[in-house]
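Following: one structure in structure tokens, then a few remarks.
In this note's numbering, the protein residues as written are 115 to 256.
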């Protein structure tokens, strides 16, 4: 009887550990940004190797293990809201063709890329009535 109870407890602990491992894996695959008008995942060996446009970023991130970055687009100017959400420090800005790009570093996001002005892991571009946010950078056109 004691052996049976021990075996049941051991299997229960193993099942709980397996469940918690799966939950941690799934949580690491959640999208960085809240859903917007367009969501892109960057796959492959580098952040810009392959771009996947998706309407379900959570599912796609779960299914693709090689996500190196992501970006999203929103209507309106959402720079300050996104900066505050990620507790990001502004590293530098640049403006071109009516679009202002903000390059930031957030302790809430991992990794990043080293640019001449410093390490960047959050890129926010605002212009023409919309905002794009990407990590570590926005790839492609805006």
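A virtual CB, placed ideally from N, CA and C, is assigned to each residue, including glycine. The structure presented is a predicted model; accordingly, all values stated were derived computationally and were not measured.
Under DSSP, no beta-bridge partner is assigned to residue 192. A residue is called buried once 16 or more other Cβ atoms fall within 10 Å of its Cβ, and residue 237 is buried on that count. Contact between the stretch 187-198 and the stretch 167-177 is absent: fewer than 3 CB-CB pairs across the two stretches fall below 8 Å. Less than 8 Å separates the beta-carbon of residue 220 from that of residue 202.
Residue state for residue 149 is assigned as coil, using DSSP reduced to three classes. Between the alpha carbons of residue 206 and residue 123 lies a gap of roughly 56 Å.
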